[in-house]
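Asks: Have a look at this one.
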Amino acid sequence: MRLYEFEGLELLRREAIPSPESALATSPEEAVEKAQDIGLPVVLKAQVLTGGRWLAGGVEIAESLDDVREASHRILGSSVRGLPVHRILVAQSVKAVREFYLGITIDDYHGTPLVILSAEGGVSINNIAREHAETVVSRPVSISKGLELSEAKQMCRQAGLKGKDATEVAGVLSSLYRVFRNYDALIAEINPLARTKEGTYLALDAKVEIDDSSLYRHTDLNLSMQDRIANPLERKGREIGVTYLELDGDIAIIASGAGLGMATMDIISQTMRPANFLETGGAITEDLLYKVTDLVLQKKGIRGLFINVYGGINPIHEGAKGIVRYMQEHNVTIPVVAKALGNHQEETWEIFRQNGVHVVTDVSTEKGIEQLASLLEEVR
Amino acid sequence: MSILLNKDTKVLVQGITGRAGRVQTRWMLDYGTNIVAGVTPGKGGEEVEGIPVYDTVAEAVARQGAEASVFFVPPPAVKEAARQTIDAGIRLIIVVTEHIPVHDVMEIREYASGHEVHIIGPTSPGIITVGEAKMGIMPANMFTPGRIGVISRSGTLSYEISINLANGGFGQSTVVGVGADPVVFTNIPALLKLFEKDPDTDLIVIVGEVGGVQEEKAAEFIDRWITKPVVAYITGLNAPEEKRMGHAGAIIQGDGKGTPQSKTAALTEVGVDVARYPAQVVDLVLKHLKPA
Chain A
1 MRLYEFEGLE LLRREAIPSP ESALATSPEE AVEKAQDIGL PVVLKAQVLT GGRWLAGGVE
61 IAESLDDVRE ASHRILGSSV RGLPVHRILV AQSVKAVREF YLGITIDDYH GTPLVILSAE
121 GGVSINNIAR EHAETVVSRP VSISKGLELS EAKQMCRQAG LKGKDATEVA GVLSSLYRVF
181 RNYDALIAEI NPLARTKEGT YLALDAKVEI DDSSLYRHTD LNLSMQDRIA NPLERKGREI
241 GVTYLELDGD IAIIASGAGL GMATMDIISQ TMRPANFLET GGAITEDLLY KVTDLVLQKK
301 GIRGLFINVY GGINPIHEGA KGIVRYMQEH NVTIPVVAKA LGNHQEETWE IFRQNGVHVV
361 TDVSTEKGIE QLASLLEEVR
Chain B
1001 MSILLNKDTK VLVQGITGRA GRVQTRWMLD YGTNIVAGVT PGKGGEEVEG IPVYDTVAEA
1061 VARQGAEASV FFVPPPAVKE AARQTIDAGI RLIIVVTEHI PVHDVMEIRE YASGHEVHII
1121 GPTSPGIITV GEAKMGIMPA NMFTPGRIGV ISRSGTLSYE ISINLANGGF GQSTVVGVGA
1181 DPVVFTNIPA LLKLFEKDPD TDLIVIVGEV GGVQEEKAAE FIDRWITKPV VAYITGLNAP
1241 EEKRMGHAGA IIQGDGKGTP QSKTAALTEV GVDVARYPAQ VVDLVLKHLK PA
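Protein sequences, first through last, are from chains A and B. Counting with my numbering, you get residues 1 to 380 for the letters of the first sequence. Counting with my numbering, you get residues 1001 to 1292 for the letters of the second sequence.
Here you go:
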């Protein structure tokens, strides 16, 4: 789960990493009020879950209260990279003398935390790595030992930091590692960490993503997934416990596996256009597939439905009952083709056949899609 | 004996008294798997499908000689269970459990690296040595005995590819699901190495997907170490960027890494034919082997 900037900054503060004084606002009036408290000039930042907010017009500096009102009005009514802005962060505007990049992420392949530091912050780490590769230092860390302060200092020296920069940045890096570890982060990034002309070191942004699988042990953070998903159908999928992604076609898909779902998308895309990606996960019940059928058929203009399920851990015969119950209750007349293999396959076929679902007898998804395509031809 | 598992392997089921554990124990026994014990803390003394249940792995090892273990353990309990299992000297662990926190996965992996153990998963469908034994949830009727080794990041696609291979006249020696998480305990190259050494395997099929760098690393490994023919299939040609495609590990990050194009290019570069769609895998295998 990706956190909003203000939530990320709060986690940094919990580990004693300071950031400029700031407050949230949901209206221009509130923004003005907060700006008065904080003192001008302020920076107004759209709270949306995407990078590149500056370039997309989601961040503005305001020198006067009139500026604050105008700019926050503009930002709050807008979309940044397709995401509607409901909240802005009003933060004290800080002049950076020097900017650094600090990040902790996971090296998936080697299965270790990876600490990344650059003496050049402010732009995306990919750009830094491309244009100032010599300033980027990275180091894998033992998950059981953690990042020791001596290692953090060594990284600072390797990145060319000297004197107070080296000691202060090493301290922040150690604290950032604690954020990463204590909150089960997939990414904890400060870009930039600024040295101000007063000689303080402040986090001017925070990008934190927390592992969804760990949320059960971070209930104190009160994070809700619901206000992080912009697409209503994708939000609904999340609510019922499946992965749904809306695509721009008209052939609905239900698949009982992520790989199978992607393969089904790929095959359909050869001749037609998939309306969605849907993966049921391994906990199919009659009720779940009733809801899933409802979900994938909600999009306007669906011409056909392809069901691709395997009975491994999933009781697909139970799932089939849910699908056909939905079809009966809602008088579904578009062609529906099902490929269902594995445990309980015969029982599943029987349920489908008795209820007007075309059952694919071939073992390949390709053949199933061909069957759907020819049914669609007949309809035409 | 194919790799890692055969009909004689003495198998332990952890979390045997749970709903999935019970059902899957029945299926595994029906397949001929030599299940000798189950473990659920607090349920020692019970029986499931005639299999004795113990409180600890150490007990199951001492009483029944268990040497491999399959996990149906709930996510919060996996870290501790894995330590206990490794400490008890089990040499093969299959973690079927989904949704284990990735920090726990990293801890377990680091702990396992200091021990003589093969640990596979998490979010793995398991391993099946076809016609002999299976540890995991894969439906048995998808597999046919033969001489192709399959390594898959996706459970359901390992079934799809196997049944399509069988339809084309090719059975499988062992099929392994490495697991669908971003960090897995064992990456594809370690399994390639086992199949390379296995006298019962003539050709290896890799089923990959978007996200991560496992396929790219596999390509480097194949170039250096693998003499047997390898065929691959990469799914997710139409996956949008920065969206998790159901599997936690299946995501194309904004930096353009983990795309099907980069994986296909890396594998093609070292002479591995890559299918664009599942049914093409058989055609590519036909270039190397004659069907049965």
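Think of the CB as a built atom: it goes at the ideal place given N, C-alpha and C, for glycine as much as any other residue.
Report the partner residues of Arg353/A according to the DSSP bridge assignment.
Replies: Paired residues: none, contrary to the question.
Asks: At least one CB of chain A closer than 8 Å to the CB of Val1150/B: is that the case?
Replies: By this cut-off, Val1150/B is not an interface position.
Asks: So the candidates are Val1282/B, Gly1236/B, Ile1222/B and Ala1239/B; which of them puts its Cα closest to the Cα of Gly1271/B?
Replies: Taking only the C-alpha atoms, the option nearest Gly1271/B is Ile1222/B.
Asks: Does DSSP classify Asp107/A as helix, strand or coil?
Replies: Correct three-state label for Asp107/A: strand.
Asks: Going along the chain, which residues of the region 278-312 of chain A sit with their C-beta nearer than 7 Å to a C-beta in chain B?
Replies: Listed by position along the chain: Glu279, Gly282, Tyr310, Gly311 and Gly312.
Asks: I want to see whether chain A comes within less than 8 Å of Gln1214/B, judged by CB atoms only; does it?
Replies: Cβ-Cβ to chain A under 8 Å: yes for Gln1214/B.
Asks: If we count the other Cβ atoms within 10 Å of its Cβ and call it buried at 16 or more, is Lys197/A buried or exposed?
Replies: Exposed, because fewer than 16 other Cβ atoms sit within 10 Å of the Cβ of Lys197/A.
Asks: Skipping 5 residues on each side, what residues in its chain have a beta carbon closer than 7 Å to that of Ile351/A?
Replies: So the qualifying residues of the chain are His317, Ala320, Lys321 and Val324.
Asks: Would you please state the rounded distance, in angstroms, between the beta carbons of Ala255/A and Val309/A? I believe it to be under 8 Å.
Replies: Correct: roughly 7 Å between the Cβ atoms.
Asks: Are the region 92-104 of chain A and the region 190-206 of chain A touching, with three or more C-beta to C-beta distances below 8 Å?
Replies: With a cut-off of 8 Å, the region 190-206 of chain A and the region 92-104 of chain A count as touching, because enough Cβ pairs lie within range.
Asks: Does Met1106/B pass the burial test, meaning 16 or more other C-beta atoms within 10 Å, or should it be called exposed?
Replies: Per the 10 Å Cβ criterion, buried.
Asks: Quick check on Ile267/A - is its C-beta less than 8 Å from some C-beta in chain B?
Replies: Yes, Ile267/A lies at the interface with chain B (some Cβ there is under 8 Å from its Cβ).
Asks: Going by Cα to Cα distance, which pick from His86/A, Leu223/A, Ser174/A and Phe277/A is closest to Ile307/A?
Replies: Ile307/A has its Cα closest to that of Phe277/A, out of His86/A, Leu223/A, Ser174/A and Phe277/A.
Asks: CB Asp1150/B to CB Gln1172/B, shorter than 8 Å?
Replies: Note that residue 1150/B corresponds to Val in the displayed sequence, not to Asp. Cβ distance < 8 Å, so Val1150/B and Gln1172/B count as in contact.
Asks: Specify the secondary structure class of Pro1125/B as computed by DSSP and reduced to three states.
Replies: If DSSP states are grouped into helix, strand and coil, Pro1125/B belongs with coil.
Asks: Go through its chain and collect everything with a Cβ distance to Ser365/A's Cβ below 8 Å, but skip five positions before and after it.
Replies: It is Thr, not Ser, that sits at residue 365/A in the sequence shown. These residues qualify, in order along the chain: Leu260, Ala263, Thr264, Ile267, Asn308 and Lys339.
Asks: Let's see if you can read the secondary structure: which residues bound the alpha helix (DSSP H) around Gln226/A?
Replies: From DSSP, Gln226/A is part of no alpha helix (DSSP H); its letter is neither H nor E.
Asks: Just to confirm before moving on: does the CB-CB distance between Gly1032/B and Ala1112/B stay below 8 Å?
Replies: Not in contact: Gly1032/B and Ala1112/B (Cβ atoms no closer than 8 Å).
Asks: Checking contacts by CB at 8 Å: is Lys1217/B closer than that to chain A?
Replies: It does: the Cβ of Lys1217/B has a partner Cβ on chain A nearer than 8 Å.
Asks: Which of the three DSSP states is assigned to Ser276/A in this structure?
Replies: The sequence given here places Asn at residue 276/A; Ser does not occur at that position. Strand.
Asks: Please list the partners that Thr1156/B has in chain A, where partner means a Cβ-to-Cβ separation under 7 Å.
Replies: Chain A residues near Thr1156/B: Ser256, Gly257, Gly259, Leu260 and Tyr310.
Asks: What does DSSP give as the partner residue(s) for His358/A in the beta ladder?
Replies: Beta-bridge pairing links His358/A to Val337/A.
Asks: Using 8 Å as the Cβ pair cut-off and three pairs as the minimum, do the region 159-173 of chain A and the region 70-90 of chain A touch?
Replies: Counting Cβ pairs under 8 Å, fewer than three are found: no touch.
Asks: Using C-beta distances below 7 Å, list every residue in its chain close to Pro1291/B, excluding the 5 sequence neighbours before and after it, in chain order.
Replies: Here the set comprises Gly1168, Gly1169 and Phe1170.
Asks: Could you name the residues that DSSP lists as bridge partners for Ile61/A?
Replies: Answer is Val43/A, bridged to Ile61/A.
Asks: Who pairs with Thr135/A in a beta bridge, going by DSSP?
Replies: According to DSSP, Thr135/A bridges with nothing at all.
Asks: Gly281/A: which of Asn126/A, Asn314/A and Gly57/A sits nearest, CA to CA?
Replies: The shortest C-alpha separation from Gly281/A is found at Asn314/A.
Asks: Can you tell me whether Met155/A is buried or exposed? The criterion is at least 16 other CB atoms within 10 Å of its CB, across all chains shown.
Replies: Buried, by the Cβ-count rule.
Asks: Looking at the C-beta of Asn276/A, does it have a partner C-beta in chain B at a distance below 8 Å?
Replies: Chain B contact via Cβ: absent.
Asks: Can you look up Thr1156/B in the DSSP assignment and give me helix, strand or coil?
Replies: Three-state result, Thr1156/B: helix.
Asks: CA-CA distance, Lys299/A and Ala275/A?
Replies: Cα to Cα, Lys299/A sits roughly 8 Å from Ala275/A.
Asks: Can you tell which of Gly311/A, Gly312/A and Leu295/A has the C-alpha that lies nearest to the C-alpha of Leu305/A?
Replies: Closest option to Leu305/A, Cα to Cα, is Leu295/A.
Asks: State the Cα-Cα distance for the pair Ala1062/B and Asp108/A, rounded to the nearest angstrom.
Replies: Approximately 36 Å, taken between the alpha carbons.
Asks: Leaving aside the five residues before and after Leu149/A along the sequence, list all residues of the same chain whose C-beta is less than 6 Å from its C-beta, in chain order.
Replies: These residues qualify, in order along the chain: Ser174.
Asks: Span of the alpha helix (DSSP H) holding Asn182/A?
Replies: Looking at the DSSP string, the run of the alpha helix (DSSP H) that includes Asn182/A is Gly163 to Asn182.
Asks: Pick helix, strand or coil for Gln298/A, following the three-state DSSP scheme.
Replies: Correct three-state label for Gln298/A: coil.
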